[in-house]
Amino acid sequence: YLLRKFAEGSGQSAGEFFTPTEVGFLMAHILRPKPGATCPDYACGSAGLLIKLQLVARELDPTSRVPLKLSGQELQAESYAVAQMNAIIHDMEVELARGDTMINPKFRNADGSIRQHDIVVANPMWNQPFAPDIFANDPFDRFRTAGGITSGKGDWAWLQHTLACMNDHGRAAVVLDTGAVTRGSGSKNEDKERTIRKWFVEQDLIDGVILLPENLFYNTTAAGVIVVLSKRKSAARKGRIVLLNASRRFKKGRPKNYLPEEDIRPLAAMYLKGEPVEGELAVITTEQAREADYNLSPGRWVAQGSDADHRPIKAIVADMLALDEKAREIDQTLARLLAPL
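Following our numbering, the numbering of the sequence shown begins with 925 at its first residue and continues without gaps.
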């Protein structure tokens, strides 16, 4: 509550450290962490996403005394301090480190390789530009062997880093700009983001994409997406991608919209069930994603009609003609009433 109020007063800068609470809980309910699971957030801000994982883990298994093994890396000193405070307030142990994750990931094994985990969560800066040499000369080989080196926006580089942080049965949920799942699709020109997205799809690493409502986040009015990755899909989900359109599941607030608390668990349950729901959820195959040139926007696959009913054009024209005739009758009546004046 205090962090949300602080974020509301901080305006756009709040986006650097605060992910809306309901988004964090939605991610946690989708990932459903088990006691003792290792869970990092490499762009942890105030550590809110990590806190939500632990709270949901306690809800799912209230008798367990084995906490999650939480860790977070944060670049900004102010956000790092808030993360430490947040962990203390919630009486949770979180291993925190300061530094630039893309250049210098702090959580490594004895041999210098990136430590791998059960569950990864993150809300990194959207559309962040990086110098090309960061990717070309990466000492951890996160990019070249995982779809190639990107250029310009770093959204898929973050997902490549996420993949490097996942163990053999790892899962992840990462918040990104909506453009990350569409850019380059349908273009005749080569697009490096589409190339990386294609690699992830063909490797069957994308479990699903969730389209969020607009105006949830404090540094933008744009909608975001949650990209869910999995290295070990269930048999029922292999070769399939779940696309959930939650863009209408919001209530207007001040200064921002929000996902109602009562919708969080039903949305997570719908996603986990992974069966088509008209107007909200579609399941596509790898072949369908291929035919769509790897456009993974839920809005592309889940049709949401307007609140008004759709009617045949002939019926609409007939109604318009009838209204026009009624308008003429009213004009004639008014003319008769006004004539004596």
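Glycine included, each C-beta is placed from N, C-alpha and C at the ideal position.
Legend entry - Per-residue burial, Ile1043 [other beta carbons within 10 Å of its own, 16 or more giving buried]: buried
Legend entry - Selection from Leu1183, Pro1190, Pro1029 that minimises the alpha carbon distance to Val947: Leu1183
Legend entry - Touching by the beta-carbon criterion (3+ pairs, under 8 Å), the region 1153-1166 and the region 975-995: no
Legend entry - Segment limits, alpha helix (DSSP H) that includes Ile1009: Reading off the sequence, residue 1009 comes out as Met, not Ile. Its alpha helix (DSSP H) spans residues 1001-1013.
Inset, instruction - Identify every residue that forms a DSSP beta bridge with Glu1019. - result: Ser995
Inset, instruction - Check Thr962 in the structure and name its three-state DSSP category. - result: strand
Inset, instruction - Go ahead and pull the three-state DSSP assignment for Val887. - result: Residue 887 falls outside the range modelled here, since the chain spans only 925 to 1265, and no answer is possible.
Inset, instruction - Would you identify the three-state DSSP class for Gly1094, choosing helix, strand or coil? - result: strand
Legend entry - Residue range of the unbroken beta strand (DSSP E) whose run includes Asp1042: 1041-1046
Legend entry - Coarse secondary structure for Gly1103, derived from DSSP in three states: helix
Inset, instruction - May I have the straight-line CA-CA distance separating Thr1020 from Ala1227, to the nearest angstrom? - result: Reading off the sequence shown, one finds Leu at residue 1020, where the question assumed Thr. Approximately 42 Å, taken between the alpha carbons.
Inset, instruction - Could you tell me whether the Cβ atoms of Gly1133 and Leu1220 are closer together than 8 Å? - result: Correcting the residue type first, residue 1133 is Val in the shown sequence and not Gly. In this structure, Leu1220 lies closer than 8 Å to Val1133 by Cβ.
Inset, instruction - Specify, as a first and last residue, the run of the beta strand (DSSP E) that Gly1148 falls within. - result: 1148-1154
Legend entry - Which listed residue (Gly1163, Ile1027, Cys963) has its alpha carbon closest to that of Lys993: Cys963
Inset, instruction - Tell me whether the beta-carbon of Asn1139 lies closer than 8 Å to the beta-carbon of Lys1180. - result: yes
Inset, instruction - Can you give me the start and stop residues for the beta strand (DSSP E) that Arg1164 sits inside? - result: 1164-1169
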